[in-house]
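Residue numbers (my numbering): 757 to 907. C-beta: ideal position from N, C-alpha, C; glycine also. Below is one structure, written out as structure tokens, with a few remarks after it.
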């Protein structure tokens, strides 16, 4: 599969094991993993940062196979989930950074194209989340509202 805005191929990555079972070397139970997720979320980490922390520091290879729930579902149960999905939040943050760069460098046409591509990705993602029911049907994204959404 090719990339969205370039003609390059996708990056290769690791694959998860075919058998989804608890490893014998894992020392955490499902309840302990859920409490770790809640603890890390209270420190202000995002869902992907929580997954990385659990993998790298605690040796938890996959939260979903162990707890039968995704990290986001655990956060929703404990009322710690953010209103905006993480990928949308990251794209909005990227657009804000590009806008700040464009204020200083008005002639940077490469940044202007990056801004257009980022905005189209945001609009496409908003359309998807509206269709899935994650965002309200009346939710609208504007550049003026972007800074308020992130902070």
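Below 8 Å between beta carbons: does that hold for residue i and residue j?
i           : j           : result
residue 852 : residue 906 : yes
residue 827 : residue 819 : yes
residue 904 : residue 878 : no
residue 858 : residue 871 : yes
residue 786 : residue 821 : no
residue 874 : residue 850 : yes
How far does the alpha helix (DSSP H) with residue i in it reach, from first residue to last?
i           : result
residue 853 : 842-860
residue 863 : Per DSSP, residue 863 belongs to no alpha helix (DSSP H) and is neither H nor E.
residue 807 : 803-812
residue 828 : 827-833
residue 902 : 899-906
residue 797 : 786-798
residue 822 : 819-823
For residue i, collect the residues of the same chain with a Cβ closer than 8 Å to its Cβ; drop the 5 residues on either side in sequence, then sort them by chain order.
i           : result
residue 801 : 809
residue 854 : 867, 870, 871, 874
residue 778 : 821, 822
residue 811 : 817
residue 892 : 886
residue 804 : 842
residue 794 : 830, 831, 834, 836
residue 864 : 857, 858
Sorted by chain position, which residues of the same chain lie with C-beta nearer than 6 Å to residue i's C-beta, five sequence neighbours on each side aside?
i           : result
residue 761 : 873
residue 901 : none
Any beta carbon from chain B within less than 8 Å of residue i's own beta carbon?
i           : result
residue 812 : Judged by its chain identifiers, the structure shown contains no chain B, having just a single protein chain.
I'd like to know if the stretch 836-848 and the stretch 880-888 are in contact, where contact means that at least 3 CB-CB pairs between them fall below 8 Å. The way I'd put it, the stretch 836-848 does touch the stretch 880-888; three or more beta-carbon pairs between them come closer than 8 Å.
Between the stretch 783-793 and the stretch 821-835, do at least 3 Cβ pairs fall closer than 8 Å? Taking a cut-off of 8 Å on C-beta distances, the stretch 783-793 touches the stretch 821-835, as three or more cross pairs fall below it.
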